[in-house]
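Below is one structure, written out as structure tokens; the observations come after it.
There are 2 protein chains.
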Amino acid sequence: MMGRVKANSIRARVRAEMTEEIKEIARRHLATDGANLSLRAVARDLGVVSSAIYRYFASRDELLTALILDAYNALGGCVEEAEAAVPREAHTARWLAVARAVRGWALERPHEYALIYGSPVPGYHAPEDTVVAATRAVRVLGRVLQDAADAGALAPNDDPPLPDGSAGDVGRVAETFAPGVPVTTMARGLSAWVTLFGQVSFESFGQMRNTVDNRAEFFEHQMRAQARYMGLQG
Amino acid sequence: MMGRVKANSIRARVRAEMTEEIKEIARRHLATDGANLSLRAVARDLGVVSSAIYRYFASRDELLTALILDAYNALGGCVEEAEAAVPREAHTARWLAVARAVRGWALERPHEYALIYGSPVPGYHAPEDTVVAATRAVRVLGRVLQDAADAGALAPNDDPPLPDGSAGDVGRVAETFAPGVPVTTMARGLSAWVTLFGQVSFESFGQMRNTVDNRAEFFEHQMRAQARYMGLQG
DNA sequence: GAAAAATCAAGAGCAGTGCTCTCTAAATGG
DNA sequence: CCATTTAGAGAGCACTGCTCTTGATTTTTC
Numbered sequence: 010m011m012g013r014v015k016a017n018s019i020r021a022r023v024r025a026e027m028t029e030e031i032k033e034i035a036r037r038h039l040a041t042d043g044a045n046l047s048l049r050a051v052a053r054d055l056g057v058v059s060s061a062i063y064r065y066f067a068s069r070d071e072l073l074t075a076l077i078l079d080a081y082n083a084l085g086g087c088v089e090e091a092e093a094a095v096p097r098e099a100h101t102a103r104w105l106a107v108a109r110a111v112r113g114w115a116l117e118r119p120h121e122y123a124l125i126y127g128s129p130v131p132g133y134h135a136p137e138d139t140v141v142a143a144t145r146a147v148r149v150l151g152r153v154l155q156d157a158a159d160a161g162a163l164a165p166n167d168d169p170p171l172p173d174g175s176a177g178d179v180g181r182v183a184e185t186f187a188p189g190v191p192v193t194t195m196a197r198g199l200s201a202w203v204t205l206f207g208q209v210s211f212e213s214f215g216q217m218r219n220t221v222d223n224r225a226e227f228f229e230h231q232m233r234a235q236a237r238y239m240g241l242q243g
Numbered sequence: 010m011m012g013r014v015k016a017n018s019i020r021a022r023v024r025a026e027m028t029e030e031i032k033e034i035a036r037r038h039l040a041t042d043g044a045n046l047s048l049r050a051v052a053r054d055l056g057v058v059s060s061a062i063y064r065y066f067a068s069r070d071e072l073l074t075a076l077i078l079d080a081y082n083a084l085g086g087c088v089e090e091a092e093a094a095v096p097r098e099a100h101t102a103r104w105l106a107v108a109r110a111v112r113g114w115a116l117e118r119p120h121e122y123a124l125i126y127g128s129p130v131p132g133y134h135a136p137e138d139t140v141v142a143a144t145r146a147v148r149v150l151g152r153v154l155q156d157a158a159d160a161g162a163l164a165p166n167d168d169p170p171l172p173d174g175s176a177g178d179v180g181r182v183a184e185t186f187a188p189g190v191p192v193t194t195m196a197r198g199l200s201a202w203v204t205l206f207g208q209v210s211f212e213s214f215g216q217m218r219n220t221v222d223n224r225a226e227f228f229e230h231q232m233r234a235q236a237r238y239m240g241l242q243g
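Chain order of the listed sequences is A and B.
Just so you know, the first sequence maps onto residues 10 to 243 in our numbering.
Just so you know, the second sequence maps onto residues 10 to 243 in our numbering.
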């Protein structure tokens, strides 16, 4: 498809710069037009005719895919970085760092957040590449739970066991990301994860207007509660 | 703007039918095109020229607003109905009925759900009408919590108090929807609400692929856990 | 270093879009 | 019955994603 070129040529460098610039402009247009941004407008901003864009992205969907991939990786990297700055044994603080990083990143770039955690773009189907990038953030929570479990700082709960099918699902998730964590605790971890993104989505998508105004405070309270819910200690 | 006509004329009836038919066709197109559906395509399906639609809706945004309003009311009605079928003193069952109703409605109409709980349509701003319709569903949870509190079937929790600002926010919510419910309990109620919609959004928007396959089971487990988290008894 | 191959941007063009305006036909109300 | 209101048709404007061709520029190959 998209032509290949030897890695070290001038063309290859210019091409990479062009590609990056297109994505950068597209990200800006995301703010005003959402997922149905105008390729022609991007081309205009780039000072180039619209058909030229197709040398870099075969279609608008392909551009969107690139933006989605970038967004997942940016969020993942942001979360990783925030968590890495907290001492390993401070499990609750690590979780809070993760939660704050997600919220901060999302509120700073509502459109990119909407692109990856909002309604799926109709007619668009995510390729496999995005699936791995999408798990970067949640892996961090897995490590926190694992470390807490290893340190004996993960309080057990008395939840009833999950039914067979979902117990297998959650068990598999636990094995992959945090092998030392019991199934019901992992279920609570997933619940906290869902709550985190539910909270951020409600806030970013405007579902909390006329309900809670002091949202940073409220978020903080809820995320601390989730830390206790998961059983995190220390 | 949109012309007024005497209520009982033939025209008024035909007009109402037309309006409903346009919305019905638009809802179908929502499935394939999402929020940026084509008025022209709707007109074609209706067997009418595109400009004729503008006799009924001043713009595509106005059509979308109507669909959003209908969706909020449909979900609200569905939740109310499901909850009303459960005995008043069975608080946990009432909550579960609410949760299942939300999930069922959302999975049956992913596009309408995405319209109201997904990324906001860019450039579109929700008028005040939608705000009231949007609260119909959550009011039901308020009543459940209130009834449980009145019956002495709402276990207290030892959460730390919320910080001043958000305590006021949550307190105001409690006063409006469930005046007998303590602030930290109300916060847990809101958390459960967010978790419910986070779970449904993750499922509907495809964020749970390759993670949990037995989603109905998993959802059931998580919602029961949320019932305990809120302190619901009976 | 010249010829061949690959890559690029431009421009025209197609089918589609939301929306406006003008025009005619029909229903309504006095 | 006749003036007024309303519905729909049709043309048109500026826009969209995308394709194809054409000429220029760079890279590769001999």
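Cβ atoms here follow ideal geometry from the backbone N, Cα and C, with glycine treated the same way.
Give the single residue among the options whose Cα lies nearest to the Cα of residue i.
{"i": "B/Trp104", "options": "B/Trp114, B/Ala115, B/Ala91, B/Arg224", "result": "B/Ala91"}
{"i": "B/Ala135", "options": "B/Leu205, B/Val209, B/Ala75, B/Ser200", "result": "B/Ala75"}
{"i": "A/Trp202", "options": "B/Trp202, B/Gln208, B/Gly198", "result": "B/Gln208"}
{"i": "B/Asp167", "options": "B/Ala183, B/Leu39, B/Arg145, B/Val192", "result": "B/Val192"}
{"i": "B/Gly161", "options": "B/Val190, B/Glu33, B/Arg24, B/Arg181", "result": "B/Val190"}
{"i": "A/Val88", "options": "A/Ser59, A/Val153, A/Asn45", "result": "A/Val153"}
{"i": "B/Leu150", "options": "B/Ile34, B/Asp42, B/Leu241, B/Arg20", "result": "B/Leu241"}
{"i": "A/Ala44", "options": "A/Glu121, A/Met217, A/Thr194, A/Ala234", "result": "A/Glu121"}
{"i": "A/Thr41", "options": "B/Arg69, B/Gly198, B/Tyr133", "result": "B/Tyr133"}
{"i": "A/Ala146", "options": "A/Leu205, A/Glu26, A/Asn223", "result": "A/Leu205"}
{"i": "A/Ala106", "options": "A/Ser175, A/Gln155, A/Phe186, A/Arg233", "result": "A/Arg233"}
{"i": "A/Glu98", "options": "A/Glu26, A/Gln155, A/Gly56", "result": "A/Gln155"}
{"i": "B/Glu229", "options": "B/Ala94, B/Ala102, B/Ser68", "result": "B/Ala102"}
{"i": "A/Arg218", "options": "B/Ala143, B/Ala21, B/Ala50, B/Gly198", "result": "B/Ala143"}
{"i": "A/Phe186", "options": "B/Thr220, B/Gly177, B/Arg197, B/Pro169", "result": "B/Thr220"}
{"i": "A/Pro119", "options": "B/Trp114, B/Arg197, B/Ala236, B/Gly127", "result": "B/Gly127"}
{"i": "B/Ala83", "options": "B/Arg69, B/Thr139, B/Val58, B/Gln235", "result": "B/Thr139"}
{"i": "A/Ala196", "options": "A/Glu137, A/Pro169, A/Ile34", "result": "A/Pro169"}
{"i": "A/Gly198", "options": "A/Ala158, A/Ile34, A/Glu137", "result": "A/Ala158"}
{"i": "A/Ala61", "options": "A/Ala236, A/Pro188, A/Leu163, A/Arg24", "result": "A/Arg24"}
{"i": "A/Ile34", "options": "A/Gly56, A/Trp114, A/Leu124, A/Ala164", "result": "A/Gly56"}
Under 7 Å between beta-carbons, which chain B residues line up against residue i? List them in chain order, please.
{"i": "A/Pro129", "result": "Phe214, Gly215"}
{"i": "A/Ser175", "result": "Val221, Asn223, Glu226, Phe227, His230"}
{"i": "A/Val140", "result": "Asn219"}
Would you tell me roughly how many angstroms separate the C-alpha atoms of residue i and residue j, rounded to the nearest one?
{"i": "B/Val111", "j": "B/Glu212", "result": "12 Å"}
{"i": "B/Tyr65", "j": "B/Thr28", "result": "6 Å"}
{"i": "B/Gly85", "j": "A/Ile31", "result": "43 Å"}
{"i": "A/Ala52", "j": "B/Val130", "result": "23 Å"}
{"i": "B/Glu71", "j": "B/Ile77", "result": "10 Å"}
{"i": "A/Pro172", "j": "B/Thr194", "result": "28 Å"}
{"i": "A/Asp54", "j": "A/Leu39", "result": "13 Å"}
{"i": "A/Pro96", "j": "A/Gly243", "result": "11 Å"}
{"i": "A/Ala108", "j": "A/Leu116", "result": "12 Å"}
{"i": "B/Ser18", "j": "A/Phe227", "result": "53 Å"}
{"i": "A/Val182", "j": "A/Met239", "result": "16 Å"}
{"i": "A/Val179", "j": "A/Arg148", "result": "14 Å"}
{"i": "B/Arg69", "j": "A/Gly177", "result": "46 Å"}
Quick one: list the residues of chain A neighbouring residue i, beta-carbon separation under 7 Å, in chain order.
{"i": "B/Ala234", "result": "Asp168, Ser200"}
{"i": "B/Ala123", "result": "Ser128"}
Which residues of chain A have a Cβ atom closer than 9 Å to the Cβ of residue i, listed in chain order?
{"i": "B/Pro154", "result": "Strictly speaking, residue 154 of chain B in this sequence is Leu, with Pro absent from that position. Those do not exist, as B/Leu154 stays about 15 Å from chain A at its closest Cβ, beyond 9 Å."}
{"i": "B/Asp42", "result": "Pro131, Gly132"}
{"i": "B/Leu84", "result": "In chain order: nothing, as chain A lies at least about 13 Å away."}
Taking 8 Å as the cut-off, does the CB of residue i come closer than this to any heavy atom belonging to the ligand MG?
{"i": "B/Gly85", "result": "Although the ligand MG was asked about, the structure shown includes no ligands whatsoever."}
Run through chain B and tell me which residues come within less than 8 Å of residue i, C-beta to C-beta.
{"i": "A/Gln242", "result": "Result: empty, since nearest Cβ-Cβ is about 15 Å, beyond 8 Å."}
{"i": "A/Tyr238", "result": "Tyr238"}
Under 8 Å Cβ-Cβ, which residues of chain A neighbour residue i?
{"i": "B/Pro172", "result": "Asn223, Glu226, Glu229, His230"}
{"i": "B/Asp178", "result": "Thr220, Val221, Asp222, Asn223, Phe227"}
{"i": "B/Thr204", "result": "Ser200, Val203, Thr204, Gly207"}
Give the interface partners of residue i over in chain B, defined as CB-CB distance under 9 Å, in chain order.
{"i": "A/Ser47", "result": "Neighbours of A/Ser47 on chain B: none; closest Cβ ~12 Å, over 9 Å."}
Q.
At 3 residues or longer, what runs of the beta strand (DSSP E) sit wholly inside the segment 133-162 of chain A?
A. none
Q | chain B contacts made by the segment 180-195 of chain A, where a contact means CB separation under 7 Å | A | Val182
(Q) Which runs of the alpha helix (DSSP H) at least 4 residues long sit entirely within the segment 14-98 of chain B? Give them in chain order. (A) 19-42, 48-55, 69-93
**Q.** Proximal residues, the segment 60-72 of chain A versus chain B, C-beta separation under 7 Å
**A.** none
Q.
At a CB distance below 9 Å, what residues from the segment 17-31 of chain A approach chain B? Give them in sequence order.
A. none
Q. What residue ranges within the segment 162-213 of chain B form continuous alpha helix (DSSP H) runs of no fewer than 4 residues, ordered along the chain?
A. 173-186, 192-213
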